[in-house]
Amino acid sequence: MEYIVDILRENDEGLGIAKIDNITVFVSDAIKGERVKIEVIDKKKNYLLAKQKEILKKSSDRVDTPCKYYSICGGCDIMHMSHDKQLDFKLNRVRHIFKKLYDKEVNIEKIESLNSFNYRNKVVLRVDNDILGFYKHGTNELFDCNKCIVSSDNINKTIEILHNFINNNKNHNIKEVMIRQNNDTIGKVMVCIDDINKCWQEKFIKELSSYKFIESIYINEKLVYGKNNLLINMFDLTFEVSPKSFFQINELMTKCLYSYVLDNIDNGSNALDLYCGTGTITSIISKKCNKVIGIEVIKDAIYNANKNILRNNIKTVGFMCGKVEDLIDDINIKKLDVIVMDPPRSGSDKKTLNTICNILPKKIIYISCNPVTLVRDLKQLDDYYDIKNIRLFDMFPQTHHVECVCVLNKR
Ligand SMILES: C[S@@+](CC[C@H](N)C(=O)[O-])C[C@H]1O[C@@H](n2cnc3c(N)ncnc32)[C@H](O)[C@@H]1O
């Protein structure tokens, strides 16, 4: 069914909100203030989902989207908004989440932004016969993608090389590819595939390794060419990163975020870095700290983290490998001044937050890519901590996602 509707505002995922006979409709690719023709694509119990078919009144915040896959790709979802509108949307999104879920007024100071395209240093693509690409929005149907404009240049060159390979070598058996790029002048790349037909393995390695920027190739978690790790430079430090280790995907914004964290660390602090990945924050804040301990569950990341502190000649840092919730009681720092925590999207957990309320450090710096779980966890710290400020970082431009850093002071 087709309707003409006015878009009242955007929801937290960037979908336009409209009403048909008092029923809420969420419309993709539609901006507040626009009048659009829509097609209802799904009816849920209390709301409808619709696609924008034609713009009858256009918002001045709308831009032409430079990606030819935007209308089908499940990746970016707010590329139709201008850069300023995207930032405004993200600020309002976090403000709205806090207003809805948190009882107290909070000051969300601003959103930092440094780039819009070409920023991703890691992508995971799926493969099905000669299709190499991403899932179409809301489906598990693949579309063929030749270029991802939010990804870095050598990731895109690698996508082109892989396209040629899979088109010329049938029954290759590759189902998944992960490509990661570092930030040196060459932009060295690590390529990891899940599997390959034995008869093509040698040819695959020979073809890919002929490109200077391809630094390492993994097949089914086994290194088959080049170096084990990529080296990434940041703050005069070098971090090695293996296929399974987490590393922030937008290098420029990561530097900006880490600087903010560092600015909020007091000289001479004893610090804990929870969910520390390869120990980037742990190492960076160590220059202002007396002692820092990092905790991380992925063994490979802790292996990288330990090698990173040796490589960077840092002597005041230690790491523990395991779940934060299992290890936090065993921390052996007498007077803990600050806890930095950067959990995954699902947030932290009750046990960890309870223990933090027993340790009661002077300061907590909570980094989150999910404002909903951030608010849930902040509520558990509420009896002992005041929010000093919240700053947002546009780590994932063209998508509705945003990184939040919340600085809390002990009351
Ligand atoms: C958002 S990343 C943060 C990494 C790091 N702070 C950085 O900036 O690179 C979250 C990390 O938490 C780790 N992780 C997830 N659940 C965990 C848990 N229960 N205990 C310890 N680490 C966990 C993940 O492996 C990942 O490295």
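Heads up, the sequence shown is in numbering that gives the first Met the number 0, so the first residue is 0 and it goes up one at a time. Beta carbons are placed, not taken as given, at the ideal position from N, Cα and C, and that holds for glycine.
Note: T23 is bridge-paired with K18 and Y46 in the DSSP secondary-structure output.
At least one heavy atom of ligand 1 is found less than 7 Å from the C-beta of E295.
Setting aside the 5 residues that flank it on each side, V291 is surrounded in the same chain by A270, D272, T281, I284, S285, T315 and V316, each with a C-beta closer than 7 Å to its C-beta; the list follows chain order. Pairwise C-beta distances place the stretch 103-114 out of contact with the stretch 43-62, as fewer than three of them are shorter than 8 Å. At least one heavy atom of ligand 1 lies less than 7 Å from the C-beta of G276. Per the coordinates, the alpha-carbon of V26 lies some 33 Å from the alpha-carbon of Y365. Rounded to whole angstroms, the gap between the alpha carbons of E1 and I37 is 5 Å. When DSSP reads this structure, C191 sits in a beta bridge with M177 and Y217. Nearest to D129 by alpha-carbon distance, out of M340, L86 and E175, is E175. A check of alpha carbon separations from N117 across R410, Q397, N228 and C403 identifies Q397 as the nearest. Contact between the stretch 183-193 and the stretch 208-220 is present: three or more C-beta pairs spanning the two stretches fall below 8 Å.
With contacts defined as CB atoms closer than 8 Å, F238 and Y257 fail to qualify as a contacting pair. Secondary structure within the stretch 46-134: the beta strand (DSSP E) runs of 3 or more consecutive residues, fully enclosed, are 46-56, 107-111, 121-127 and 130-134 (chain order). In this structure, DSSP gives S285 a helical state, which the three-state scheme calls helix. Closest by C-alpha distance to I231, out of I264, N182 and F203, is N182. Between the alpha carbons of V93 and G15 lies a distance of about 17 Å. For A270, there is no enclosing alpha helix (DSSP H); the enclosing beta strand (DSSP E) covers residues S268 to L273. If you draw a straight line from the Cα of R310 to the Cα of N228, it is about 13 Å long. Nearest to E9 by alpha-carbon distance, out of L407, S70, H79 and Y68, is H79. Put simply, of D393, I358 and D11 the residue whose alpha carbon is nearest the alpha carbon of D329 is I358. The bridge partners DSSP lists for F142 are F133.
The stretch 40-50 and the stretch 87-106 do not touch, with fewer than three beta-carbon pairs separated by less than 8 Å.
Pairing K350 with F142, the inter-Cα distance amounts to about 43 Å.
For the options V122, D299, N139 and I204, the alpha carbon positioned closest to that of C320 is the one of D299. About 7 Å separates the CB atoms of I3 and L55; that is less than 8 Å, so the two are in contact. For ligand 1, a non-hydrogen atom lies closer than 7 Å to the CB of D341. In this structure E140 is exposed. Its beta-carbon is surrounded by fewer than 16 other beta-carbon atoms within 10 angstroms. Rounded to whole angstroms, G137 and D265 show a C-alpha spacing of 45 Å. Beta-bridge partners assigned by DSSP to C368: none are found. In this structure, the beta-carbon distance from R410 to D385 falls below 8 Å.
Relative to ligand 1, even the nearest heavy atom lies 7 Å or more away from the CB of E402. Within the chosen limit of 7 Å, ligand 1 does not reach the beta carbon of A304 with any heavy atom.
Along the length of the stretch 228-280, whole beta strand (DSSP E) runs at least 3 residues long occupy 229-233, 236-240 and 268-273, reported in chain order.
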